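Chains as they are written, first to last, in this note's numbering: chain A, -2 to 225; chain B, 24 to 122.
All C-beta atoms, glycine included, are put in the ideal place defined by N, C-alpha and C.
These numbers were taken from a predicted model, which means no experiment stands behind them.
For reference, the structure is listed below as structure tokens.
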Amino acid sequence: MADFAHAESLAVREQFDTAEQQKDASTLGMWIFLITEIMFFGGMFLAYTVYRAEYSYAFAVASSSMNVYFGAFNTVVLLCSSFTMVMAVRSAQLGLRKGTVVYLFLTLILGLAFLGVKVFEWSEKFREHHIPGMAGFHLDGVPPDQQGQAQLFFSLYFAMTGLHALHMIVGAGIVITLMYFAWKGKYTAEYMTPVDIGGLYWHFVDIIWIFLFPLLYLIDRHLGRYIL
Amino acid sequence: MTQHVDSVKTYAAVFIALIILTVVTTAVAFVDLGPFSVVAALLIACGKMLLVALFFMHVRHSTRLTRLVLVGAVLWLGILIAFTLSDVFSRGWLGVPGR
């Protein structure tokens, strides 16, 4: 059965002329999916931009209350996972079964480490009562009439990092699936399209974080000494 | 079937560049550049995005069709952002009743 599945995955389906054309079609399809994701996240980035311009003071104070070191650490963790992912794709291109599995495993561990830090950051927000809609919500340094604006910042913070974390969880599922099939020997130097497009997804999620980190943690940091 | 396999050296160089840019963007955030701190943060983020897309996502080896689709995506995202912001920030320029 496993051999049959292997033979089937290598075959060029009837709508394609060559294996290369089939692979290009898969890659393009993945990119089009990622573009719908860009537009999806783009709407949230846009909402953040508009409200940050509108309520700049409350947003600056709220943004400065983020722990920048956790954010920077997580960025590094995610970049490391992108590196191990690209090495997994490279191993698959060269037909190195063991290398693919090991690098995918490292990617998974780093992805889970990112989520672990995120859990810690979120639980810190719960301890500090920085949860939008929570009865005891209070952000120091923001006047009482602007507390609602600070809540809006945290709404966007949780929505954006939450959606990102959801994508990380899906990504972890994809990496586990790829690891299983790579272990089974399904991918060869001639056929490794799933590893390739799985890698595209993982790097895309990394790119989203590359923008989330400066926008949520950094851009008002320099104002800190004036407002806090 | 032709496929481009980049060297480990290339990937390692890109990775080190990404880490350096992360350290730089974090350090620059503490320096008071006024309104340019947003510009600096976004420029560095765009640079990191390009590194990841071109090297890790193999855009530099991709087909013309894929590249065309990507340019289209950037254009559409630009329309979303530019038109919305031009609306939001130009409100109140005219004394329209009800606004």
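Reduced DSSP category for residue i - H, G, I as helix; E, B as strand; rest coil
{"i": "TYR52(A)", "result": "coil"}
{"i": "GLU17(A)", "result": "helix"}
{"i": "GLU187(A)", "result": "coil"}
{"i": "PRO211(A)", "result": "helix"}
{"i": "ALA247(A)", "result": "Here chain A has residues from -2 to 225 only, and residue 247(A) is not among them."}
{"i": "ASN64(A)", "result": "coil"}
{"i": "GLN148(A)", "result": "helix"}
{"i": "THR86(B)", "result": "coil"}
{"i": "ASP203(A)", "result": "helix"}
{"i": "SER113(B)", "result": "helix"}
{"i": "PHE53(B)", "result": "coil"}
{"i": "MET80(B)", "result": "coil"}
{"i": "ASP137(A)", "result": "coil"}
{"i": "ILE128(A)", "result": "coil"}
{"i": "SER30(B)", "result": "coil"}
{"i": "GLN12(A)", "result": "coil"}
{"i": "LEU93(A)", "result": "coil"}
{"i": "ASP142(A)", "result": "helix"}
{"i": "GLY118(B)", "result": "coil"}
{"i": "GLY182(A)", "result": "coil"}
{"i": "ASP193(A)", "result": "helix"}
{"i": "ILE216(A)", "result": "coil"}
{"i": "MET(-2)(A)", "result": "Low per-residue confidence applies at MET(-2)(A): pLDDT is 40, beneath 50, and the placement is therefore not dependable, though the value from the model is reported in the following sentence. Of the three classes helix, strand and coil, the one that applies to MET(-2)(A) here is coil, per DSSP."}
{"i": "GLU5(A)", "result": "Unreliable placement is indicated for GLU5(A), whose pLDDT of 48 sits below 50; the coordinate value is still reported in the next sentence. It is helical."}
Distance between beta carbons of residue j and residue i, contact taken as under 8 Å
{"i": "VAL58(A)", "j": "GLY138(A)", "result": "5 Å"}
{"i": "ALA179(A)", "j": "LEU101(A)", "result": "6 Å"}
{"i": "ILE216(A)", "j": "SER60(B)", "result": "6 Å"}
{"i": "ARG87(A)", "j": "VAL28(B)", "result": "6 Å"}
{"i": "VAL111(B)", "j": "VAL47(A)", "result": "5 Å"}
{"i": "VAL9(A)", "j": "ALA85(A)", "result": "Rounded, the Cβ-Cβ distance is 25 Å, inconsistent with contact."}
{"i": "VAL114(A)", "j": "PHE42(A)", "result": "Going by Cβ atoms, the distance from VAL114(A) to PHE42(A) rounds to 22 Å, so no, they are not a contact pair."}
{"i": "GLN144(A)", "j": "PRO129(A)", "result": "Not quite, the Cβ-Cβ distance comes to about 10 Å (not below 8 Å), so this is no contact."}
{"i": "SER61(A)", "j": "LEU220(A)", "result": "7 Å"}
{"i": "LEU93(B)", "j": "VAL82(B)", "result": "7 Å"}
With 16 other Cβ atoms within 10 Å as the buried cut-off, status of residue i
{"i": "SER30(B)", "result": "exposed"}
{"i": "ASP203(A)", "result": "buried"}
{"i": "GLY68(A)", "result": "buried"}
{"i": "THR185(A)", "result": "exposed"}
{"i": "LEU136(A)", "result": "buried"}
{"i": "TRP227(A)", "result": "Residue 227(A) is absent from the structure shown; chain A starts at -2 and stops at 225."}
{"i": "THR33(B)", "result": "exposed"}
{"i": "ALA170(A)", "result": "Checking the displayed sequence, the identity of residue 170(A) turns out to be Gly instead of Ala. With fewer than 16 other Cβ atoms within 10 Å, it is exposed."}
{"i": "MET131(A)", "result": "exposed"}
{"i": "ALA64(B)", "result": "buried"}
{"i": "LYS71(B)", "result": "buried"}
{"i": "THR97(A)", "result": "buried"}
{"i": "ILE127(A)", "result": "Just to set this straight, residue 127(A) is His in the shown sequence, not Ile. Buried."}
{"i": "CYS69(B)", "result": "exposed"}
{"i": "SER109(B)", "result": "exposed"}
{"i": "GLN12(A)", "result": "exposed"}
{"i": "SER120(A)", "result": "exposed"}
{"i": "TYR177(A)", "result": "exposed"}
{"i": "VAL83(A)", "result": "buried"}
{"i": "LYS181(A)", "result": "exposed"}
{"i": "LEU105(A)", "result": "buried"}
{"i": "VAL37(B)", "result": "buried"}
{"i": "ILE32(A)", "result": "buried"}
{"i": "LEU175(A)", "result": "buried"}
{"i": "GLY115(B)", "result": "exposed"}
{"i": "ARG218(A)", "result": "buried"}
{"i": "ILE194(A)", "result": "buried"}
{"i": "GLY168(A)", "result": "buried"}
{"i": "ILE205(A)", "result": "buried"}
{"i": "PHE151(A)", "result": "buried"}
{"i": "ALA(-1)(A)", "result": "Because ALA(-1)(A) carries a pLDDT of 47, less than 50, the predicted location of this residue cannot be relied on, and the following value inherits that uncertainty. Looking at its Cβ environment, which holds fewer than 16 other Cβ atoms inside 10 Å, ALA(-1)(A) is exposed."}
Residue i and residue j closer than 7 Å at C-beta
{"i": "ASP21(A)", "j": "THR86(B)", "result": "yes"}
{"i": "PHE79(B)", "j": "SER79(A)", "result": "yes"}
{"i": "GLY39(A)", "j": "LEU74(B)", "result": "no"}
{"i": "GLN146(A)", "j": "ALA89(A)", "result": "no"}
{"i": "LEU103(A)", "j": "THR81(A)", "result": "yes"}
{"i": "ILE67(B)", "j": "LEU44(B)", "result": "yes"}
{"i": "TYR45(A)", "j": "LEU153(A)", "result": "yes"}
{"i": "THR89(B)", "j": "LEU25(A)", "result": "yes"}
{"i": "PHE134(A)", "j": "LEU75(A)", "result": "no"}
{"i": "ALA52(B)", "j": "ILE35(A)", "result": "no"}
Interface residues of chain D facing residue i [CB-CB closer than 7 Å]
{"i": "SER79(A)", "result": "Chain labels in this structure do not include chain D; the protein chains are A and B."}
Task: Validate contact between the region 197 to 207 of chain A and the region 160 to 169 of chain A using beta carbons, cut 8 Å, 3 pairs - done: Touching, yes.
Open item on the list: Contact between the region 41 to 57 of chain B and the region 207 to 219 of chain A is defined here as three or more beta-carbon pairs at a separation below 8 Å; is this criterion met?
Closed with: Counting C-beta pairs with one atom in each stretch, the region 41 to 57 of chain B and the region 207 to 219 of chain A have three or more that are closer than 8 Å, which means they touch.
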